[in-house]
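The structure appears below as structure tokens.
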């Protein structure tokens with residue numbers, strides 16, 4: 001993609017960054033970065049996981065650097081119990097679920113960056129059309145089970161906390177630059193310093209690609225993306241000799257994304273012939289997104305039993321996804337699901353000349369904000385031989401989604417789109433949804449003998465409103481035509497327990513209430529479940545092992561219509577799915593073969609496996625939610641494979657490092673059903689291999705080769721939103737890293 005003005009501004013910004021600081025490689029672990037992370041992490045460090053009385057995982061910086069992924073969904077393949085659905089091949093708008101929570105736009109889990117809710121409007125519109133740039137993340141935490149109670153509000157599946165680059169211990173700088181196929185360029189630069197009273201970090205990620213798909217018609221139609229990401233952190237600390245340790249931390253970030261992406265997929269026949277094809281009518285489909293974030297945190301402790309922190313935050317997000325809405329009055333998914341009945345409409349999409357306004361594209365314009373203040377107080381005390389750590393917290397939060405959307409009409413002529421009409425602002429959709437929330441939590445960790453108990457409770461009081469305005473009143477001067485309110489107050493209890501059998505073995509169990517709030521103005525009930533888990537952990541110097549059985553027993557599973565779920569439902573409508581059970585096994589293991597070749601080599605090995613034994617409805621109903629449709633008792637949930645497996649092997653020497661991963665995803669349904677798998681409602685199993693090889697010239701300079709989808713596996717990643725979509729083709733990168 002080529003945007004001269006944007007490129008000039010970018011070059012200037014990068015030049016300013018470079019002229020004031022030295023350069024260094026992206027491996028912050030090697031640079032000694034160790035900013036206290038207590039206020040941004042929920043778990044802490046990976047070594048802390050073994051004694052957590054619940055299921056929790058940390059993908060640390062060393063593991064992130066092993067494969068250097070920019071796609072968070074590829075990162076999360078390393079965590080059992082997490083399900084992802086690819087869409088564009090790049091992970092620009094991830095679809096993530098945990099333990100059967102549902103994964104469309106990651107809307108059914110809690111998403112955080114540095115401990116702060118980061119979805120565009122976490123309560124009013126939780127679909128993650130914005131997702132933090134993975135390349136600037138230092139670690140990723142995944143919380144399942146009772147551990148999710150401290151985060152809220154979506155405790156059915158759990159939470160993902162993305163931990164951004166910390167301020168380094170000393171003056172240092174990193175640069176990582178890589179070039180890839182399809183004119184792809186990816187640069188990650190940061191620099192910072194920790195002083196006695198003042199510390200700082202500046203960082204940027206610049207990523208651009210022409211994409212791996214080809215649009216029918218004239219050359220020059222693009223399918224790639226262009227991302228700019230900037231981050232600044234400032235920290236002011238009290239005098240080291242002061243009675244109280246105090247810290248004031250400011251974090252500010254800006255992200256701009258342009259991606260030539262569409263919801264239009266392919267028919268069965270066309271994806272078999274050329275999976276990387278795009279129809280002519282998808283030319284010009286483009287996502288524009290701009291995100292701003294600001295956080296101000298105050299921390300205080302007395303080097304004693306108590307510690308307090310308060311964070312005020314504000315996130316703004318504006319986006320306009322201009323994309324196909326209909327052809328000849330038919331929805332995209334209807335056409336691609338039945339290309340025989342809709343042969344004329346399909347021909348228009350493929351480039352046959354059409355009448356004026358036969359093709360409609362919508363400006364899916366939305367503006368969001370999310371703001372609030374959250375605080376917590378921790379207190380440690382001893383009662384005899386029992387250690388008790390208490391933590392209480394509060395979050396006052398509000399968020400809003402504002403939709404003002406319009407449709408434009410087009411004619412297809414000679415394989416090119418010609419605009420034939422322009423819609424008025426708000427003529428397609430004109431509404432505002434908001435939420436106001438008070439949340440409280442109290443948790444404790446009680447250590448007595450070999451036992452660790454972790455009872456906890458969360459309270460959420462949520463008020464939501466949806467304002468519908470006339471589509472002929474873009475200024476909203478006439479006021480809303482309809483106002484719908486709904487409120488939810490809920491107590492979310494939970495309990496985890498862990499028994500230390502020996503220095504190496506741990507047994508654990510947990511139970512908690514799962515909860516997901518309904519949307520503003522929805523008539524659906526809130527989603528509730530009883531979630532249980534039990535298992536064992538083992539760890540020594542060479543081997544780690546964890547096996548956990550989980551059961552999520554839903555009283556009411558809720559489905560939400562979005563553009564990305566496909567179908568022709570009204571966006572925002574919610575449907576009650578009733579009783580559902582999801583249960584299965586999460587297994588992970590790691591082993592390091594050390595001392596090979598007279599001690600000069602070691603080989604780390606890892607396995608992550610998820611067996612979803614059951615994911616079924618226990619009642620029959622009819623719904624307008626396309627992924628469910630008409631449900632019978634025993635129907636299996638869509639987009640949940642029975643088996644997922646990841647195997648990784650590494651080879652580490654003094655200067656050489658090689659990592660190879662195999663990712664297997666089993667066959668899955670795309671529509672609720674049971675018995676045999678209909679080919680039109682199934683995604684077949686597939687295996688994708690990734691490879692990274694790195695050569696260290698010295699402690700500062702290294703080069704690497706990275707190949708995603710090493711054996712060029714051709715596979716269907718999804719059948720939604722409209723038609724079949726391929727996974728990323730084999731993509732190779734060559735990179736250089738420098739650290740100073």
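Residue numbers (the UniProt record's numbering): 1 to 740.
Positions of the beta carbon are idealized from the N, C-alpha and C atoms, including for glycine.
Local conformation of residue 271 per DSSP, three classes
helix
Give me the Cα-Cα distance between residue 231 and residue 128, rounded to the nearest whole angstrom.
20 Å
Closest by C-alpha distance to residue 348, when choosing among 735, 676, 412:
412
Applying the 10 Å Cβ sphere with the 16-neighbour rule, what's the burial state of residue 10?
Here the model assigns residue 10 a pLDDT of 46, short of 50, so the residue's position is not dependable and the matter cannot be decided.
Here's a check: name, in chain order, each residue in its chain whose Cβ is nearer than 6 Å to the Cβ of residue 663, leaving out the five neighbours to either side.
77, 646, 688
Per-residue DSSP class, three states only, for residue 590
strand
Going by beta-carbon coordinates alone, are residue 176 and residue 737 separated by less than 8 Å?
yes
Are the Cβ atoms of residue 674 and residue 634 separated by less than 8 Å?
yes
Are there 16 or more other CB atoms within 10 angstroms of the CB of residue 672, so buried, or fewer, so exposed?
buried
Restricting to Cα atoms, I'd like to know which of 304, 100, 416, 150 is closest to residue 637.
100
Where residue 454 and residue 648 are concerned, what is the direct C-alpha to C-alpha distance, given to the nearest angstrom?
33 Å
In whole angstroms, what is the alpha-carbon distance linking residue 699 and residue 65?
16 Å
Presumed contact (8 Å Cβ cut-off) between residue 123 and residue 153, rounded CB distance:
7 Å
Can you grab the Cα-Cα spacing for the pair residue 693 / residue 70, in whole Å?
16 Å
Quick one, are the C-beta atoms of residue 332 and residue 722 less than 8 Å apart?
yes
Contact under 8 Å by Cβ, residue 310 with residue 375
yes
Could you name the residues of the same chain whose beta carbon sits closer than 6 Å to that of residue 536, not counting the 5 residues immediately before and after it, in chain order?
507, 547
Using three-state DSSP, classify residue 113 as helix, strand or coil.
strand
Given residue 142, which residues of its chain have a CB within under 6 Å of its CB, disregarding the five upstream and five downstream residues?
57, 79, 160
Could you spell out the range, first to last residue, of the alpha helix (DSSP H) harbouring residue 74?
72-75
For residue 617, three-class secondary structure by DSSP:
strand
What is the DSSP secondary structure of residue 348, counted as helix, strand or coil?
helix
Cβ atoms of residue 156 and residue 516: under 8 Å apart, would you say?
yes
Of the choices 208, 171, 462, whose alpha-carbon is the least far from that of residue 201?
171
Excluding the 5 residues flanking residue 320 on each side, which residues of the same chain have their C-beta closer than 7 Å to its C-beta?
288, 363, 364, 365
Quick one: residues in its chain with C-beta nearer than 8 Å to the C-beta of residue 330, no 5 flanking neighbours on either side, listed in chain order?
342, 345
Is it buried or exposed for residue 208, if we count other Cβ within 10 angstroms and need 16 for buried?
buried
Burial state of residue 382, where buried means 16 or more other Cβ atoms lie within 10 Å:
exposed
Test item: CB-CB of residue 618 and residue 146 under 8 Å:
no
Buried or exposed, going by whether 16 or more other CB atoms sit within 10 Å of the CB of residue 236?
exposed
Residue 482 burial status per 10 Å Cβ neighbour count (16 or more: buried)
exposed
Is residue 681 helix, strand or coil when you go by DSSP?
helix
So, under 8 Å CB-CB, residue 84 and residue 103 are touching, yes? Tell me the CB distance rounded to an integer number of Å.
7 Å
Give the DSSP-derived three-state secondary structure of residue 94 in the structure shown.
coil
Provide the residue span of the alpha helix (DSSP H) that contains residue 415, from first to last.
Unbroken run through residue 415: none, as it is neither H nor E.
So is the beta-carbon of residue 229 under 7 Å away from any non-hydrogen atom of the ligand MG?
Here there are no bound small molecules, and the ligand MG is not part of this structure.
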